[in-house]
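Q: According to my numbering, the residues represented by the sequence shown are 10 to 323, in order.
By construction, the Cβ of each residue, glycine as well, lies at the ideal position given by its N, Cα and C atoms.
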Amino acid sequence: MSAAPRQRRAAERVQGLLIMLPWLAERQRVSIHEMAKTFQLSVEELSQDLTLAGLCGTPPYSPLELIEIFFDENEVWVEIPNVFNKPLRLSVAEAFALRAVADTALALPGAANSAALGSAIRKLNELTAIDDALVIENPHDPLLAELAHFCDINARVSLDYFSPTTNKSTSRSVVPRRVWLSGEHWYLDAIDLGINEPRVFRVDRITALANTGEVVNAETLPALADEPGFHWDAQAERVTLHLQPSAHWVAERYPVYSQRKIGDEVLEVVLPVTSAPWLGRLLVRAGNAAVVVGPEKYATLGANTAANILSRYN
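(1) Gln24 by DSSP, collapsed to three states: which one?
(2) Can you find the residues in the same chain that come closer than 8 Å, C-beta to C-beta, to Ser11, ignoring five residues on each side of it along the sequence?
(3) Please say whether Val302 and His251 have beta carbons closer to each other than 8 Å?
(4) Should Gly25 go down as buried or exposed, given a rule of 16 or more other Cβ atoms within 10 Å for buried?
(5) Contact check, Val225 vs Arg165 under 8 Å by CB: the rounded distance?
(6) Rounded to whole angstroms, what's the CA-CA distance from Leu288 to Leu310? Just pull it up for me.
(7) Put Ser180 into one of helix, strand or coil per three-state DSSP.
(8) Can you find the residues in the same chain that come closer than 7 Å, C-beta to C-beta, to Val183, ignoring five residues on each side of it along the sequence?
(9) By alpha-carbon positions, which one of Ser267, Tyr266, Ala316, Leu50 ends up nearest to Arg290?
(10) Measuring only the C-alpha atoms, how far is Glu84 from Gly238?
(11) Out of Ala312, Glu53, Ser284, which has the shortest C-alpha to C-alpha gap to Arg294?
(12) Can you tell me whether DSSP reads Tyr322 as helix, strand or coil?
(13) Thinking Trp195 and Val209 are a contact (beta carbons under 8 Å), I'd like their distance in whole angstroms, please.
(14) How many Å lie between Lys306 and Ala299 at the Cα?
(15) Can you check whether the CB of Val259 is closer than 8 Å to the CB of Pro304?
(16) Below 6 Å CB to CB, which residues in the same chain sit around Ala308 once its five sequence neighbours on both sides are set aside?
(17) When we look at the beta-carbon of Leu27 and count the other beta-carbons within 10 Å, is it buried (16 or more) or exposed?
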């Protein structure tokens with residue numbers, strides 16, 4: 010029986026590509042087995058990463074701007090677009106923006122004081138002399154730092170999580186895997202050991218966190234999606250809404266399957282819904298600017314939710 014494939018995080022794969030691509034560009038053509046051995050990957054893992062690298066390029070991402078990587082069972086060879094060989098010339102505004110993004114990224118949980126990023130920032134300072142002119146203030150959240158640490162060591166932790174759907178907190182035994190930011194909120198990807206499946210937790214709804222002192226072998230855990238985000242399963246229902254301009258924030262704040270303009274003002278969105286109470290509260294917030302197109306069973310959900318809320322005050 011063959012061993013299960015090794016789990017690799019997206020950040021690990023990207024960092025590997027940043028090292029492999031210059032190495033490959035310098036050599037132009039190499040043995041695929043030699044390259045896999047050099048970077049301590051299986052041939053299958055290397056093939057997956059090289060396929061990912063073939064999607065890298067610069068706007069407008071036409072074939073002329075993409076990195077061309079070819080490989081078969083024996084060799085790997087590469088053609089780098091000329092744009093990557095040109096010296097990078099930044100305007101003052103671009104330099105400030107790049108420095109701001111880099112400083113912010115370096116302060117994010119999980120960055121682990123990246124030596125490569127720190128070195129790049131120092132070189133940027135030397136070239137632009139903006140070190141004293143730019144101050145980046147990042148909010149410090151001890152809970153984020155603690156979660157990032159637990160992700161690094163594959164710790165088994167106990168957390169209490171508040172659900173607005175039930176208005177209750179429940180205790181979970183989980184293994185934190187990564188923290189990520191979407192919009193205004195931080196999220197935690199973790200393996201819920203009670204069901205042995207990945208789950209997403211909003212960090213500000215974690216009401217208690219305790220380390221059990223146990224460390225879990227990551228190879229025994231279910232795999233996460235390559236990229237952080239909301240990955241809806243078959244249980245998520247598709248609900249179609251028509252949104253007036255004052256409710257367009259729905260498409261900006263929440264993940265949607267699709268969206269399209271209808272006329273000059275109305276935006277049609279199809280969004281995943283796993284909880285009718287959550288959808289009801291969303292419709293109340295949007296008011297008359299959001300109309301349920303389907304399924305029909307949700308047509309009066311917003312009005313019914315508003316009536317229920319009012320009845321609590323009467």
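A: Taking the definition as stated:
(1) helix
(2) In this prediction, Ser11 has a pLDDT of 45, which is less than 50 and means its spatial position is unreliable; nothing more can be read from the coordinates.
(3) yes
(4) buried
(5) 5 Å
(6) 8 Å
(7) strand
(8) Here the set comprises Val166, Leu168, Ala199, Ile200, Asp201, Leu202.
(9) Ala316
(10) Distance from the CA of Glu84 to the CA of Gly238, rounded to the nearest whole angstrom, comes to 35 Å.
(11) Ala312
(12) helix
(13) Going by Cβ atoms, the distance from Trp195 to Val209 rounds to 11 Å, so no, they are not a contact pair.
(14) 15 Å
(15) Going by C-beta atoms, Pro304 is not nearer than 8 Å to Val259.
(16) Result list for Ala308: Val301, in chain order.
(17) Burial call: exposed.
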